[in-house]
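Sequential numbering from 88 applies to the sequence shown in our numbering.
Yeah, the Cβ is synthetic: ideal placement off N, Cα and C, and Gly gets one too.
Working notes, beginning with the structure itself.
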Amino acid sequence: RAGWPGLIEAYRDRIAVPEGARVVTLQEGNTPLVPAHHLSELTGCEVHLKVEGANPTGSFKDRGMTVAITHALAAGSKAVICASTGNTSASAAAYAARAGLTSAVLVPQGKIAMGKLAQAVVHGARILQVQGNFDDCLELARKTAAQHPVTLVNSVNKVRLEGQKTAAFEICDVLGRAPDVHCLPVGNAGNITAYWKGYQEYAADGVVPATPRMFGFQAAGAAPLVHGEPVADPETVATAIRVGSPASWQGAVAAKAESDGLFAAVGDDEILAAYRLLASREGVFVEPASASSVAGLLATAADGRLPAGSRVVCTVTGHGLKDPDTALSGMLEVEPLPVDPNAVATALELT
Ligand code: F0G
88 RAGWPGLIEA YRDRIAVPEG ARVVTLQEGN TPLVPAHHLS ELTGCEVHLK
138 VEGANPTGSF KDRGMTVAIT HALAAGSKAV ICASTGNTSA SAAAYAARAG
188 LTSAVLVPQG KIAMGKLAQA VVHGARILQV QGNFDDCLEL ARKTAAQHPV
238 TLVNSVNKVR LEGQKTAAFE ICDVLGRAPD VHCLPVGNAG NITAYWKGYQ
288 EYAADGVVPA TPRMFGFQAA GAAPLVHGEP VADPETVATA IRVGSPASWQ
338 GAVAAKAESD GLFAAVGDDE ILAAYRLLAS REGVFVEPAS ASSVAGLLAT
388 AADGRLPAGS RVVCTVTGHG LKDPDTALSG MLEVEPLPVD PNAVATALEL
438 T
């Protein structure tokens, strides 16, 4: 859309911000809803990808952060803090920089993708690597914010979800209705909670006639919602969703129950297969966590839980460039070529 002002302005009537607040925006939102031809063929469904890597910092977190930082600034806060598997910290760092606020980020040591760390560094965040997992980081961030003059901008801060719900609005605005099924990766469970809120609001106001079924997918080694209990030592290649005790547990359970949805686990091998398929067949490069929505789409299409002919949206939550190490892992060292056209032709087997 031409002249897109960012999602707070675009959905002014649906997002509460304090009277007279300066809106802190990087013109996030309005991301592409891309028809996925290959996935549609594979599943017998009409599949679309909501490409959230197209947001300013490369993930859906910007939707929540524009609202959270706008509120923090209006409240006179001087500093914000968050725990993160990487994307929330990148987004918080960028929006805080834009607002002139200090940001501090708590990240699990050695378990965040390199691109995300680079973002936090370059935006000037105070980066604290913690000898623990995301759940430990979140507990530390909550305690710090409770006792000190610093605003918590994790999704336990409810205004984050007000921003994130706009992705559901955008999808309905493009499709002219809600999809039949919405597939999402689930980590701390804020996003599935936010989407469900967005779909419900549009349906309640008669903008769309119905809401979709919400399908939430977790990595098999980090699937507390699937098991119905927290996981003490979550592990997965999809570091963004390496979460053992989701903060928005209740919201996710409600979204699933009220929408006649489901939770399911997908293995790291399935996640990586979907990751490669998205890049090689659809031309969409996402980070591993994002591919879990597509891994789940394929699994539920195969076992019949996803009805053939459904109109499906899969949110792909973050850009593939966030995690170059996963993309390059397993690449063999290749011999460099001499500057010789014959060598190029031979290497490409054109002769
Ligand atoms: N996909 C990506 C790329 C993420 O970064 C996250 C969460 C999710 C999916 C799951 O969303 O937590 O709302 O269920 N990342 C958080 C972070 C935990 O710190 O950046 P969720």
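* **Reduced DSSP secondary structure (H/G/I, E/B, other) of C270** => strand
* **Same chain, Cβ closer than 7 Å to A184, five either side skipped, listed in chain order** => H210 and G211
* To do: Buried or exposed for D149, please, with buried defined as at least 16 other CB atoms from any protein chain shown within 10 angstroms of its CB.
  => buried
* Asked: Is the beta carbon of A395 sitting closer than 8 Å to the one on C224?
  -> no
* Cutoff 7 Å; reference E357; Cβ partners in own chain excluding five residues on either side -> A382 and A386
* Decide if R300 is buried, meaning its Cβ has at least 16 other Cβ atoms within 10 Å, or exposed. => buried
* Asked: On the three-state DSSP scale, how would you describe P195?
  -> strand
* CA-CA distance, A200 and L312? -> 24 Å
* **Spatial neighbours of A341 in its chain, beta-carbon cut-off 8 Å, leaving aside the 5 residues before and after** => T280 and W283
* Environment of L393 [buried if 16+ CB atoms lie within 10 Å] -> buried
* To do: To the nearest angstrom, report how far apart V269 and P428 are at their CA atoms.
  => Per the sequence presented here, residue 269 reads as His, with Val not at that position. Spanning the two alpha carbons is a distance of roughly 49 Å.
* Asked: Would you say C70 and L136 are within 8 Å of each other, going by their C-beta atoms?
  -> Summary: the structure shown does not reach residue 70, with the chain confined to residues 88 through 438, and so no result is reported for it.
* R398 to D267, Cα distance in whole Å? -> 5 Å
* Report buried or exposed for S416, applying the criterion of at least 16 other Cβ atoms within 10 angstroms of its Cβ. => exposed
* What's the gap between the Cα of V376 and the Cα of A166? -> Note that residue 376 corresponds to Ala in the displayed sequence, not to Val. Taking the straight line joining both Cα atoms gives about 29 Å.
* To do: Would you mind giving the Cβ-Cβ distance between L437 and T130, rounded to the nearest angstrom? I have them listed as a contact below 8 Å.
  => The Cβ separation is near 36 Å, so there is no contact.
* Taking all protein chains shown into account, decide if Q251 is buried (16 or more other Cβ within 10 angstroms of its Cβ) or exposed. => buried
* Asked: What residue from E128, L94, S164 and I328 has the CA that sits closest to T189's CA?
  -> S164
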